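Undergrad: Can you read through this structure? Questions will come right after.
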Amino acid sequence: MQPKKKLMPKSAFLVKKYERHFRMMFIAFVTVLCFVFFTRSGSSEPAAAVTPKEVEPAVSHALAEKSQLLKPHADIVQNVFYPEDDGKRENATMVTLARNKDLYSLVTSVRHVEDRFNKNYHYDWVFLNDEPFSEEFKAVMTALVSGTAKFGVIPTEHWSFPDWIDQDKAAQVRQQMKEDEIIYGDSISYRHMCRYESGFFWRHELLNDYAWYWRVEPDIELFCDINYDVFKFMKQNNKKYGFILSVSEYEKTIPTLWETTKNFKKEFPQHIKKNNLESFVSDDGGKTYNMCHFWSNFEIASLDLWRSPAYRDYFDYLDKAGGFFYERWGDAPIHSIAAALFLEPEEFHFFDGIGYYHPGFTSCPVEEPIRLQNKCVCNPAKDVTWGKGYFCTRQYFKARGLKVPKEVR
């Protein structure tokens, strides 16, 4: 026989029955008290609407302060500082030479620059073409850029053979270069491009109102956030030419460029800076050219450098010599040699800490703290910035008397 079950007192039964309900009511009561307390502790006035124009300077200032937390080694040894963002913009623009067929090779480049930099600053973008841009090109680029997109057509006289060029001789050169398998050796359009980037892009009417430019090409990538205004940086640090990668030129494309430059130096000695950076482009006091040049698919520079009497005279001298068509002179060695002769060493800047890719070569900051701070997505093992032989960053540091980062072997 099973024992008789004990009955629970009535009062205890009621407590047990409603215990869960009491607990839920207590939690609700505490929640209401917290809500009242925190609501009354804040302002009783409704929050004012904040416009994007009010937010932008504050965001930019915060970014500028963040960028000062760490400097790449190169910036330390170059003795530069990051300016605070006062909300004002420099007279600057991005500039791109492109064809209509380059549209979908260019969209990623533009997006990289906008996402990593220009979304915070909204600088304009000038697009140049030797023929009118298509409506599709203009629509896509206008939608992508955060500043004003401007589209210009290159004047015919800036993209054609000058009248002093012997067309038969130029054709023979192209054929020989083709047989010698020299890259772009038989290309007419490539020669026009090099001549245009050397002597005419800065003369286009759309660039007349600007003092600074950033050259952007199709198929490039930026790997790191740029948390400061690069144009304000250039101006306030008194820089005139900025680069990332420096490489060696193909000697067969410029066999007489240096000899022509030496003749120019003799005829125009007034243009050559006494304290210059010629030791970057020559290892023997100017007797020969060592082929080093700044890779001009990335340039952040002063337009006044190319507008100067010194550079105008230099370009005209080279143009009349015919090397753009009788050889295959590139704009990169011409820009580099000119800057080395016409600027003082302190007016150059090596843009470490950005991270950059152009088909063929990758630049990735070698310092891990910098990569982390700037949210870089590149693999430092792929960096060629400090490579020996073909690459020239070490040569630049040697010419400047600067020490390379300890991470560089």
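Going by this note's numbering, the first residue of the sequence shown is number 308, and it counts up by one from there. Each residue gets a CB set at the ideal place from its N, CA and C atoms; glycine is no exception. Computed from a predicted model, the values in this text were never measured in an experiment.
Between the Cα of T400 and the Cα atoms of P712, R418 and G454, which residue gives the shortest distance?
TA: Looking at the Cα atoms, G454 is the closest of the given residues.
Undergrad: Could you check what DSSP says for A456 in three-state terms: helix, strand or coil?
TA: Reduced to three states, the DSSP call for A456 is strand.
Undergrad: For the beta strand (DSSP E) that contains H600, what are its first and last residues?
TA: Element bounds for H600: C599 to F601.
Undergrad: With DSSP as the reference, identify every bridge partner of E528, one or two as the case may be.
TA: According to DSSP, which records beta bridges pairwise, E528 is partnered with Y664.
Undergrad: For H499, which residues of its own chain have a beta-carbon under 6 Å away from its beta-carbon, when the five flanking residues on both sides are left out?
TA: Taken in chain order, the residues that qualify are W466.
Undergrad: So is K457 buried or exposed if we call it buried at 16+ other beta carbons inside 10 Å?
TA: That one is buried.
Undergrad: Assign W307 to one of two classes, buried (16 or more other C-beta atoms within 10 Å of its C-beta) or exposed (fewer than that).
TA: The shown model of the chain, from 308 to 716, leaves out residue 307, and the question about it has no answer.
Undergrad: Within the same chain, show all residues whose beta-carbon is closer than 7 Å to that of V715, passing over the 5 residues directly before and after it, in chain order.
TA: Cβ neighbours of V715 beyond the five flanking positions: V673 and W693.
Undergrad: Rounded C-beta distance between A639 and Y621? I'm assuming under 8 Å.
TA: Incorrect: roughly 15 Å between the Cβ atoms, too far for contact.
Undergrad: Taking 8 Å as the cut-off, decide whether the C-beta atoms of L650 and Y548 are in contact.
TA: Result yes, Cβ atoms of L650 and Y548 sit closer than 8 Å.
Undergrad: Pull up the DSSP beta-bridge partners for Y520, would you.
TA: The partner list for Y520 (beta bridge, DSSP) reads T400 and A608.
Undergrad: Give every residue of the same chain whose Cβ lies closer than 6 Å to the Cβ of W559, excluding the five residues on either side of it in the sequence, and list them in chain order.
TA: Before going on, a small fix: residue 559 reads as Lys here, not Trp. Excluding positions up to five away in sequence, the list reads I489.
Undergrad: For F434 and L410, which I take to be in contact (beta-carbon distance under 8 Å), what is that distance rounded to the nearest angstrom?
TA: Actually they are not in contact, since the Cβ atoms of F434 and L410 sit about 10 Å apart, beyond 8 Å.
Undergrad: Can you list, in chain order, the residues of its chain whose CB lies under 6 Å from that of L584, leaving out five sequence neighbours each side?
TA: Only A647, P652 and A706 meet the Cβ criterion.
Undergrad: Compare the beta carbon distance of L529 and R423 with 8 Å and say whether it is the shorter of the two.
TA: In contact: L529 and R423 (Cβ atoms closer than 8 Å).
Undergrad: Let me confirm a value: H429 is counted as buried when at least 16 other C-beta atoms fall within 10 Å, else exposed. Which label applies?
TA: Answer is exposed; the Cβ neighbour count stays below 16.
Undergrad: In chain order, what residues of the same chain lie with their CB nearer than 6 Å to the CB of L612, ignoring the 5 residues before and after it?
TA: Contacts found: K547.
Undergrad: With DSSP collapsed to three states, give me the class of Y535.
TA: Coil, per DSSP.
Undergrad: Taking all protein chains shown into account, decide if A504 is buried (16 or more other Cβ within 10 angstroms of its Cβ) or exposed.
TA: Before going on, a small fix: residue 504 reads as Glu here, not Ala. So E504 counts as buried.
Undergrad: Figure out for me which residue from I527, L610 and Y663 has the closest Cα to the Cα of N398.
TA: Nearest C-alpha to N398: L610.
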